[in-house]
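Everything on this sheet refers to the single structure shown next.
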Amino acid sequence: GQNIDQPTEMTATEGAIVQINCTYQTSGFNGLFWYQQHAGEAPTFLSYNVLDGLEEKGRFSSFLSRSKGYSYLLLKELQMKDSASYLCAVRDIGNTPLVFGKGTRLSVIA
Amino acid sequence: EAGVAQSPRYKIIEKRQSVAFWCNPISGHATLYWYQQILGQGPKLLIQFQNNGVVDDSQLPKDRFSAERLKGVDSTLKIQPAKLEDSAVYLCASSLGGSAYNEQFFGPGTRLTVL
Chain A
50 GQNIDQPTEM TATEGAIVQI NCTYQTSGFN GLFWYQQHAG EAPTFLSYNV LDGLEEKGRF
110 SSFLSRSKGY SYLLLKELQM KDSASYLCAV RDIGNTPLVF GKGTRLSVIA
Chain B
120 EAGVAQSPRY KIIEKRQSVA FWCNPISGHA TLYWYQQILG QGPKLLIQFQ NNGVVDDSQL
180 PKDRFSAERL KGVDSTLKIQ PAKLEDSAVY LCASSLGGSA YNEQFFGPGT RLTVL
């Protein structure tokens with residue numbers, strides 16, 4: 050079976066750093082994606098990891114440990130506009146569809 | 120580059136009625152997906168097309184849901200008859216296909232409310 054776990058909600062202060070964790074259990078692994086979804090809008094792509102390590106892209110970084118079935122999304126210098134849901138999604142094998150977690154709703158406060 | 124287009128954006132129907140959603144993927148994208156996203160949850164795949172063939176429809180409730188992608192471009196998703204639990208956002212996504220790294224581009228979604 051497939052199981053993806055993320056915290057349901059998080060709150061952080063503007064200008065701070067926040068780490069959103071994701072753990073997964075899948076029969077195979079062919080990549081992990083992070084998406085951002087603002088309320089009432091479609092998910093937009095943030096990052097992709099297939100090898101262990103850290104991928105940095107501006108204020109956002111994503112880390113993967115395949116042996117631990119673990120990833121995190123790191124958001125630096127938080128801005129109010131970062132308030133959104135962050136979805137972790139895993140591709141099992143080959144070109145199979147992504148399996149999404151339930152998402153983590155991040156609230157950035159002043 | 121134009122994104123994934125969906126219509127309508129909102130639909131309200133009564134239970135047992137029928138409804139259809141339309142999706143136009145990004146030009147050249149061979150793979151098209153329909154997802155159902157219930158409030159507070161992540162998207163759940165309903166069906167995946169590769170060109171005009173079905174790749175995965177294992178989670179599609181086939182007694183009431185149907186989808187087609189004639190000519191390998193546009194796609195329609197139909198619900199007949201609708202139930203209260205079908206209230207959700209229906210997201211269409213597309214990707215180029217053919218490699219493990221397949222970024223999926225999502226459309227704005229259709230918010231369905233079943234009364």
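These protein sequence lines map, in sequence, to chains A and B. The first sequence begins at 50 in this note's numbering and counts up one residue at a time. The second sequence begins at 120 in this note's numbering and counts up one residue at a time. All C-beta atoms, glycine included, are put in the ideal place defined by N, C-alpha and C. Just so we're clear, the structure is a prediction, and the values are computed from it rather than from any experiment.
Outcome for residue i when other beta-carbon atoms lying within 10 angstroms are tallied against a minimum of 16
{"i": "residue 131 of chain B", "result": "exposed"}
{"i": "residue 142 of chain A", "result": "exposed"}
{"i": "residue 156 of chain A", "result": "exposed"}
{"i": "residue 120 of chain A", "result": "buried"}
{"i": "residue 150 of chain B", "result": "buried"}
{"i": "residue 76 of chain A", "result": "exposed"}
{"i": "residue 166 of chain B", "result": "buried"}
{"i": "residue 84 of chain A", "result": "buried"}
{"i": "residue 101 of chain A", "result": "exposed"}
{"i": "residue 172 of chain B", "result": "exposed"}
{"i": "residue 116 of chain A", "result": "exposed"}
{"i": "residue 128 of chain B", "result": "exposed"}
{"i": "residue 226 of chain B", "result": "buried"}
{"i": "residue 140 of chain A", "result": "buried"}
Below-8 Å beta-carbon distance, residue i vs any chain A residue
{"i": "residue 222 of chain B", "result": "yes"}
{"i": "residue 152 of chain B", "result": "yes"}
{"i": "residue 168 of chain B", "result": "no"}
Any chain B beta carbon closer than 8 Å to residue i
{"i": "residue 152 of chain A", "result": "yes"}
{"i": "residue 56 of chain A", "result": "no"}
{"i": "residue 80 of chain A", "result": "yes"}
Contacts of residue i in chain A (Cβ-Cβ under 9 Å)
{"i": "residue 226 of chain B", "result": "91"}
{"i": "residue 175 of chain B", "result": "145, 146"}
Within chain B, the residues that residue i reaches when beta carbons sit closer than 9 Å
{"i": "residue 149 of chain A", "result": "154, 156, 160, 161, 162, 163, 164"}
Chain-ordered neighbours of residue i on chain A, where CB pairs are closer than 7 Å
{"i": "residue 210 of chain B", "result": "91"}
3-residue-minimum beta strand (DSSP E) runs that sit fully inside the stretch 68-143 of chain A, ordered along the chain:
Here the runs fully enclosed are 81-86, 93-98, 102-106, 109-114, 119-124, 133-140.
Mind listing which residues of the stretch 95-107 of chain A have their C-beta closer than 9 Å to chain B's C-betas, in chain order?
Of all residues in the stretch 95-107 of chain A, the ones placed with a Cβ closer than 9 Å to any Cβ belonging to chain B are 97, 99, in chain order.
Can you pull out the residues from the stretch 119-137 of chain A whose beta carbon lies closer than 7 Å to at least one beta carbon of chain B?
Cβ proximity to chain B below 7 Å picks out 136 from the stretch 119-137 of chain A.
Kindly provide the ranges of any beta strand (DSSP E) runs that are 3 or more residues long and lie completely inside the stretch 151-219 of chain B, ordered along the chain.
Look at the stretch 151-219 of chain B and you find these whole runs of beta strand (DSSP E), each 3 residues long or longer: 163-169, 172-175, 184-187, 194-198, 207-214.
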